[in-house]
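First the structure, in the form of structure tokens, and then the observations on it.
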Amino acid sequence: MNTKPVLFAVAMMTLPMLSGCGSMGSILGGDQAAAPSVGRAAPLVVPPDFALEPTVASAIRPAESGQEQMLETLFGGTAARSAAERAISTTSGAAELGIRSSVGDPQTTTVNKGSITRDIVAAPEGDGQTAQAVIPG
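Heads up, the sequence shown is in the numbering used here, so the first residue is 2 and it goes up one at a time.
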């Protein structure tokens with residue numbers, strides 16, 4: 002009977018079990034502390050020709066920041082508008098300045114659309130196949 006394949010299989014099965022064992026490091030000579038080897042390394046130094054100037058509060062900032070350059074590189078800037086989009090934006094006109102702050106103003110007048118609008122909004126969803134209209138009067 003050939004025992005070499007059996008021994009090889011047993012060795013292959015025990016190898017993963019031993020690799021997870023914490024004491025295997027000391028058996029294989031890895032019990033030395035890593036901190037002294039890191040502490041012996043020379044400290045990093047800034048080269049003498051690397052001169053950074055501190056920022057000045059009143060200095061003019063560059064026209065384009067690094068973040069803007071990154072966005073320009075990634076997305077390629079603004080896309081060209083189609084003729085339909087240009088036509089819509091020119092016919093609609095410019096938005097009123099400060100419209101977002103005036104919308105929530107309590108002095109803004111609103112239109113009371115009555116109970117009919119409330120009933121339409123609160124109506125249950127139907128199948129859309131049948132509709133019925135009643136004209137009052």
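Backbone N, C-alpha and C fix where the C-beta goes; we use that ideal spot for every residue, glycine too. Bear in mind the structure is a predicted one, so any value in this text is a computation, not a measurement.
C-alpha of L75 to C-alpha of S83: approximately 22 angstroms in a straight line. Boundaries of the alpha helix (DSSP H) around D120: 115-123. In the DSSP assignment, L98 falls outside any alpha helix (DSSP H), carrying neither H nor E. When DSSP states are grouped into helix, strand and coil, E86 belongs to the helix group.
The three-state secondary structure of E73, taken from DSSP, is helix.
CA-to-CA, the gap between A88 and A81 works out to about 13 angstroms.
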